[in-house]
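What follows is a set of notes on a single structure, which appears directly below.
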Amino acid sequence: MTAKDFASCWGNGAGPRAAAVSGSALGGIASVLALALATTPALAQEAQPAPQASSTQPTASDEVVVTAQKRTERLLDVPIAISVVDPALLQNTNARNLSELQGVMPSVFIASNHGGGKTYVTIRGATGTALNTGDEPVAIYMDDVYQARGVTIGMVDLLDVQSVEIVRGPQGTLQGRNATAGAILLTSADPTPDFQGYLTASVASPQEVRAQGAVSGPLGGGFEGRVALGYVDERGWMHNLATNDWDGGAQSMQGRGVLKYDNGGAFDARLVYEHTFITNEPALFRYAATQGNPSPTGPYVLAGTATPDTPLPADQYDQIFNHNRMFVDPGTSTRVLTDGATARMSYDFGGAELISVTGWRKVAVSGLNDSDGLATMPRQGYNQNHDTSREYSQELRLQSTGAGPLSWIVGLYAFDEHQFYLDDIFNLRFSVATNTRTRYTGTIDTKSYAAFGDATYHLTDQLSVVGGVRYTQDDKDLASQILTTNLDTSVTTTVNYQSHGDTWSDTTYRAKLVYKPDDNLMFYASYGTGFRAGGYNPFAVQVPYNPEGSRSTEIGAKGSIFDRRLTYSVAAYHNSYTNLQLRAGVPTGGAIITNAGAARVNGLEVEFEARPDPQTRLIGNFAYTDAIFTSFKNAVDPFNHFVDATGNTLVRTPKWQYFFSGERDFSVGALDFTAELNYRWRDKVYFYFTDQDSPTWQGAAGGELGARLTLHGRDDVWTASLYGTNLTNERLINSSNVTFSYPLAGLNKPRSIGISVERHF
14 MTAKDFASCW GNGAGPRAAA VSGSALGGIA SVLALALATT PALAQEAQPA
64 PQASSTQPTA SDEVVVTAQK RTERLLDVPI AISVVDPALL QNTNARNLSE
114 LQGVMPSVFI ASNHGGGKTY VTIRGATGTA LNTGDEPVAI YMDDVYQARG
164 VTIGMVDLLD VQSVEIVRGP QGTLQGRNAT AGAILLTSAD PTPDFQGYLT
214 ASVASPQEVR AQGAVSGPLG GGFEGRVALG YVDERGWMHN LATNDWDGGA
264 QSMQGRGVLK YDNGGAFDAR LVYEHTFITN EPALFRYAAT QGNPSPTGPY
314 VLAGTATPDT PLPADQYDQI FNHNRMFVDP GTSTRVLTDG ATARMSYDFG
364 GAELISVTGW RKVAVSGLND SDGLATMPRQ GYNQNHDTSR EYSQELRLQS
414 TGAGPLSWIV GLYAFDEHQF YLDDIFNLRF SVATNTRTRY TGTIDTKSYA
464 AFGDATYHLT DQLSVVGGVR YTQDDKDLAS QILTTNLDTS VTTTVNYQSH
514 GDTWSDTTYR AKLVYKPDDN LMFYASYGTG FRAGGYNPFA VQVPYNPEGS
564 RSTEIGAKGS IFDRRLTYSV AAYHNSYTNL QLRAGVPTGG AIITNAGAAR
614 VNGLEVEFEA RPDPQTRLIG NFAYTDAIFT SFKNAVDPFN HFVDATGNTL
664 VRTPKWQYFF SGERDFSVGA LDFTAELNYR WRDKVYFYFT DQDSPTWQGA
714 AGGELGARLT LHGRDDVWTA SLYGTNLTNE RLINSSNVTF SYPLAGLNKP
764 RSIGISVERH F
């Protein structure tokens with residue numbers, strides 16, 4: 014493939030108008046795929062070696078391994094729907110954090126930052142609440158340790174990661190509490206037996222500077238160490254004319270140290286400590302027309318009837334979507350400070366291994382959140398928050414290591430979390446006729462205990478059965494106070510609430526039948542359940558919300574053909590939920606968690622990776638998700654009225670989505686290059702469970718086109734890349750919430766062009 018050929022493909026794929034994305038972008042991808050296949054042997058033919066190839070033909074050492082079942086296994090041997098994100102895919106898609114992986118994984122929707130450093134994660138229709146005091150349906154683990162406040166991870170760069178495993182479907186048996194939708198398993202890079210390291214740096218427009226590096230090597234006596242550092246400075250891309258500042262950016266510093274001990278004996282250990290400091294300013298705006306009338310004591314008060322279903326005026330829409338200009342005072346800014354430590358120790362008794370995983374994490378979130386999304390002067394609706402969390406966890410498990418027909422795991426788990434929150438909501442003649450400040454403050458203590466067991470028995474060389482069970486008990490206690498102050502009269506009313514403690518418990522299980530005709534093909538059928546405990550609503554004095562339950566039936570196949578030049582996985586599933594926990598708004602500010610009666614989700618997922626020859630790599634996936642509420646008679650609409658939302662679509666769940674990427678190595682003279690083109694597309698999504706006929710609660714269908722051209726130095730010691738994301742500048746609503754009865758929304762990033770360099774030593 015010549016440079017001229019690549020330029021031609023680039024031009025075909027990057028049309029000048031967002032409206033042409035479905036034609037020009039897909040046409041560009043089709044051109045790359047067609048060119049790759051036309052210039053290489055057919056999949057069924059023997060590939061010829063090439064002298065200038067950075068990609069190689071798959072071999073046994075290239076097998077993708079995962080740890081979703083608490084063991085290191087080949088991906089093709091695990092009867093679970095798993096997507097694996099390796100550093101190469103992160104680089105090719107220019108995804109630096111979980112939020113930027115949006116659209117890359119099937120049936121996964123990862124929203125952008127929506128204040129408080131929190132990121133909504135939705136898997137197969139089950140979505141999070143992104144409240145600092147709530148639990149999420151997607152369990153996030155870092156180095157085997159559950160992160161209760163894991164939603165703060167979404168906007169932080171993935172520093173020196175070895176892999177990201179996104180596991181879809183209930184994972185309550187092995188991954189534990191709050192995995193009714195699935196789990197995200199992040200693993201940091203291991204120390205190395207020889208001295209090595211790397212440094213990578215990038216600059217991009219809109220103004221952005223990033224740097225990351227690591228050093229690793231032996232320390233003697235069986236010890237190896239690794240230290241990684243990361244730095245980010247994003248100015249932002251949305252010009253806020255009210256504050257004359259830029260929103261949509263972030264600044265962060267990260268550090269991690271890993272110490273590993275393995276002297277060839279029965280005992281080994283791995284210790285990790287990490288620290289992250291991040292500030293961010295999400296570009297959030299009110300995504301509906303606002304009607305107001307003058308007031309002698311303030312800029313205005315809202316009209317008698319709010320208009321959250323009325324679209325923005327055309328000129329305001331044009332300024333935001335086409336010119337990246339908004340008028341919002343004060344805007345949102347958040348600071349997140351985290352520290353965490355992990356200790357993993359194991360002892361091999363011969364035939365069985367005892368593993369201990371101890372975790373500690375502290376999170377502090379503070380900031381100013383603009384809740385009205387308006388440019389009124391002075392400020393009318395906003396809140397200030399200061400929330401902290403301290404959590405400890407301990408897992409102890411014994412698992413088999415032999416090669417017999419039976420493999421098993423048994424274990425115990427304990428978790429302890431103490432949360433403190435102090436949130437001030439200011440409603441200054443905004444949705445009420447007076448100036449009020451309401452302070453919500455209190456503590457939530459959570460203790461969780463679990464016992465679990467899981468086993469696989471090989472009935473024959475081809476047929477296996479898998480079974481697992483887990484008992485979980487969550488004890489929670491809330492002590493809260495609500496103080497409402499009339500700022501005009503300085504009169505304060507106080508409401509105290511003490512929960513006296515509540516307990517929720519459940520037994521979850523899974524059962525699977527696995528058939529493997531040979532080493533490169535597997536079929537499975539499974540049934541499993543999940544559990545998410547109930548909890549409290551700190552922004553309202555009301556009875557606790559109920560625990561969430563899920564049941565999932567799934568059939569799937571995984572395999573590789575054509576001498577492993579093509580690998581694939583297919584999964585079809587039916588999920589049902591009871592008491593689905595959802596976030597609802599409060600007209601005077603704040604949010605609550607409410608329960609939907611029942612929901613069902615039917616879906617199909619397909620993933621593939623093809624290597625027609627050593628120079629070419631094609632990957633892709635698509636997902637179909639049909640997700641509706643089968644019973645939601647008492648849904649709370651934006652005005653806090655009860656309506657029947659039965660039959661509505663689950664939020665943040667596109668019916669269709671797909672992702673394709675084509676990568677090709679080629680040479681121009683003595684220079685070696687890799688060219689990559691990718692495209693991700695998602696269907697329309699709804700951001701609230703009522704009012705779904707209104708465009709203000711919807712995100713239109715659309716996609717993003719990306720590309721990357723990398724120049725390789727000798728032996729890949731250094732590389733230099735030119736990359737672009739969202740090349741067609743398609744603007745999509747990918748985050749929205751209800752605040753003061755109105756949608757507060759955020760866009761995806763506009764077109765970005767950058768360069769990066771990487772040096773290994």
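Using this note's numbering, the final residue of the sequence shown is 774, and nothing's skipped along the way. Cβ coordinates follow ideal geometry from the N, Cα and C atoms, glycine included. All of these numbers come straight from a predicted model, not from anything done at the bench.
Going by C-alpha positions, LEU199 is about 12 Å away from SER96. When Cβ pairs closer than 8 Å are counted between the two stretches, the stretch 333-343 is seen to touch the stretch 377-386, the count reaching three or more. Rounded to the nearest angstrom, the gap between the Cα atoms of SER503 and THR449 is 9 Å. For GLU149, the secondary structure class from DSSP, reduced to helix, strand or coil, is coil. In the three-state scheme derived from DSSP, where H, G and I count as helix and E and B as strand, TYR330 is classed as helix. Across the structure, PRO667 and ALA538 are spaced so that their CA atoms are roughly 25 Å apart. Two segments are said to touch when three or more pairs of C-beta atoms, one from each, lie closer than 8 Å; by this definition the stretch 497-511 does not touch the stretch 154-173.
Distance from the CA of GLU689 to the CA of ALA263, rounded to the nearest whole angstrom, comes to 27 Å.
At least 9 Å separates the beta-carbon of GLY675 from that of ASN107. Going by beta carbons, GLU287 and ASP352 fall inside the 9 Å limit.
With 16 or more other Cβ atoms from the protein chains shown falling within 10 Å of its own Cβ, VAL370 counts as buried. Here the alpha carbon of PHE679 sits roughly 11 Å from the alpha carbon of HIS725. With 16 or more other Cβ atoms from the protein chains shown falling within 10 Å of its own Cβ, ARG223 counts as buried. When the five nearest sequence neighbours on each side are left out, the beta carbons in the same chain lying within less than 7 Å of the beta carbon of ASP281 are those of TYR274, ASP275, SER359, in order along the chain. Cβ-Cβ distances below 8 Å link PHE334 to ARG744, LEU760 in the same chain, with the five nearest sequence neighbours on each side left out; the list follows chain order. LYS131 is classed as buried because its beta carbon has at least 16 other beta carbons within 10 Å across all chains shown. The Cβ atoms of ALA546 and ASP148 sit closer than 9 Å to each other. Under a 10 Å Cβ-count criterion, TRP669 is classified as exposed, with fewer than 16 other Cβ atoms of the shown protein chains found around its own Cβ. A direct Cα-Cα distance of roughly 42 Å separates ALA255 from VAL240.
Counted as a single uninterrupted DSSP element, the stretch harbouring ASN191 is not any beta strand (DSSP E), since DSSP gives it neither H nor E.
In this structure, SER754 and PHE645 do not form a Cβ contact; the two beta carbons are roughly 19 Å apart against a cut-off of 8 Å. Looking only at LEU491, THR580, GLY562, THR516, the smallest Cα-Cα distance to ASN588 is reached by GLY562. Taking each of ALA640, TYR637, THR638, PHE621 in turn and checking the Cα distance to LEU631, the smallest one comes out for PHE621. Straight-line spacing of the CA atoms in VAL98 and GLN267 works out to 21 Å.
Secondary structure note for ASN105: it is in no beta strand (DSSP E), and the uninterrupted alpha helix (DSSP H) holding it is 100-105. Within the same chain, Cβ atoms closer than 7 Å to the Cβ of ALA584 are found at ALA94, GLU567, GLY569, GLU618, the five residues on either side in sequence being excluded. Judged by beta-carbon spacing, GLY543 lies within the 9 Å limit of ALA194, meaning their Cβ atoms are closer than that value. Taking a cut-off of 8 Å on C-beta distances, the stretch 437-448 does not touch the stretch 171-181, as fewer than three cross pairs fall below it. The DSSP assignment places 534-545, 561-574, 579-598 as complete runs of the beta strand (DSSP E) inside the stretch 533-598, in order along the chain (cut-off: 3 residues).
Just so you know, the alpha carbons of LEU595 and ALA327 end up roughly 32 Å apart. For THR459, the enclosing beta strand (DSSP E) begins and ends at 448-471. Distance from the CA atom of LEU740 to the CA atom of PRO627, rounded to whole angstroms, is 28 Å. Listed in chain order, the non-local C-beta contacts of SER265 below 6 Å within the same chain comprise VAL245, ILE291, local neighbours out to five positions each way being set aside. Counting only residues of its own chain and dropping the five nearest sequence neighbours on each side, THR520 has a CB closer than 6 Å to the CB of TYR484. Assigned with DSSP and collapsed to three states, GLY277 falls in coil, not helix or strand.
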